[in-house]
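A.B. asks: What follows is a single structure, and I will ask about it in a moment.
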Amino acid sequence: MTVLVDDGSLRVEKHLTTWDGDGLGAFLAARAEEFRGWDGPRAWRSLEGDLRLSAVHTGRSVRLAWELWGDLLGDTWQLTYVTEHAPGEDMRGLAADVDAFLRSC
Numbered sequence: 029m030t031v032l033v034d035d036g037s038l039r040v041e042k043h044l045t046t047w048d049g050d051g052l053g054a055f056l057a058a059r060a061e062e063f064r065g066w067d068g069p070r071a072w073r074s075l076e077g078d079l080r081l082s083a084v085h086t087g088r089s090v091r092l093a094w095e096l097w098g099d100l101l102g103d104t105w106q107l108t109y110v111t112e113h114a115p116g117e118d119m120r121g122l123a124a125d126v127d128a129f130l131r132s133c
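Take a look at the structure:
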């Protein structure tokens, strides 16, 4: 799959190798079911570690830090993009959308 981050001033595109999504859909679905919250960060990473996700429940929202890692001419780079979601239905919708996308890849 290819991950694309484009906010108008920065564009990063990275091809990732995954095995059936590496459980990302299940990780997000589990966070959706924990809508009442949890202590500390919960982490997920792709097979080769070039996409990492940290989920923190703030009490009012779920903050997801998406970390994309790569290599350019021998130098390692990292991009972190943070999204915030309402617990419960918003997270369920995100999990379903990600799962559907991964099944289409």
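Heads up, the working numbering is the position in the sequence shown plus 28, with the first residue counted as 1.
Quick reminder that beta carbons are idealized off the backbone N, C-alpha and C, glycines included.
On a predicted model such as this, the values are computed, not experimentally measured, just so you know.
1) What is the residue span of the alpha helix (DSSP H) that residue 127 lies within?
2) Kindly indicate the opening and closing residues of the alpha helix (DSSP H) around residue 62.
3) How about residue 107 and residue 40: are their beta carbons less than 7 Å apart?
4) Can you say whether residue 64 is buried or exposed, counting buried as having 16 or more other CB atoms within 10 angstroms of its CB?
5) If residue 110 and residue 91 are in contact, beta carbons under 8 Å, what's the gap, nearest whole angstrom?
C.D. replies: With the given structure in hand:
1) Residue 127 -> alpha helix (DSSP H) spans 117–132.
2) Taken as a continuous stretch (DSSP letters only), residue 62 belongs to no alpha helix (DSSP H), as it is neither H nor E.
3) Their beta carbons are under 7 Å apart, which means residue 107 touches residue 40 by this criterion.
4) Only exposed fits residue 64, as fewer than 16 other CB atoms lie within 10 angstroms of its CB.
5) Approximately 6 Å separates the beta-carbon atoms of residue 110 and residue 91; this is inside 8 Å, confirming the contact.
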